[in-house]
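The structure appears below as structure tokens.
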Amino acid sequence: MDLTDGDMDLALSILEELGIDKRILSKRKPWKLSAGQRKAYATAMALASKAEHVLLDEPFEQ
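According to numbering that gives the first Met the number 0, the sequence shown is numbered sequentially starting from 0.
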């Protein structure tokens, strides 16, 4: 998935709406994030890609 700078800005905005502070992401490697933070990050990146369809498998499991 190729994201532009605009897509990254959108992803960060979505993360903010999901309650994830972008400062947390900038200080931690992806594997150091909690499971919930990783799910939120993956969801934000998928939504920011502006794909016509996004398939989610139990996205609201928590």
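All C-beta atoms in this analysis are idealised placements derived from N, C-alpha and C, irrespective of residue type, glycine included.
Leaving out five residues on either side along the sequence, give the residues of the same chain with a beta carbon under 6 Å from the beta carbon of residue i.
| i | result |
| --- | --- |
| residue 17 | 39 |
| residue 29 | none |
Relative to the C-alpha of residue i, which residue among the options is closest?
| i | options | result |
| --- | --- | --- |
| residue 11 | 27, 53, 44 | 44 |
| residue 6 | 56, 48, 52, 35 | 48 |
| residue 15 | 34, 4, 42, 3 | 42 |
| residue 36 | 26, 50, 19 | 19 |
Compute the beta-carbon to beta-carbon distance between residue i and residue j, rounded to the nearest angstrom, for a pair I have assumed lies under 8 Å.
| i | j | result |
| --- | --- | --- |
| residue 46 | residue 23 | Residue 46 to residue 23, Cβ: 19 Å. No contact. |
Looking only at its own chain, which residues have a Cβ that is under 7 Å from the Cβ of residue i, when we skip the five neighbours before and after it?
| i | result |
| --- | --- |
| residue 32 | 40 |
Within a Cβ cutoff of 8 Å, which residues of the same chain sit near residue i, ignoring the five residues on either side of it in sequence?
| i | result |
| --- | --- |
| residue 21 | 11, 14, 15 |
> Going along the chain, which unbroken runs of the alpha helix (DSSP H) with 4 or more residues stay wholly within the region 15 to 43?
Replying inline: 21 to 26
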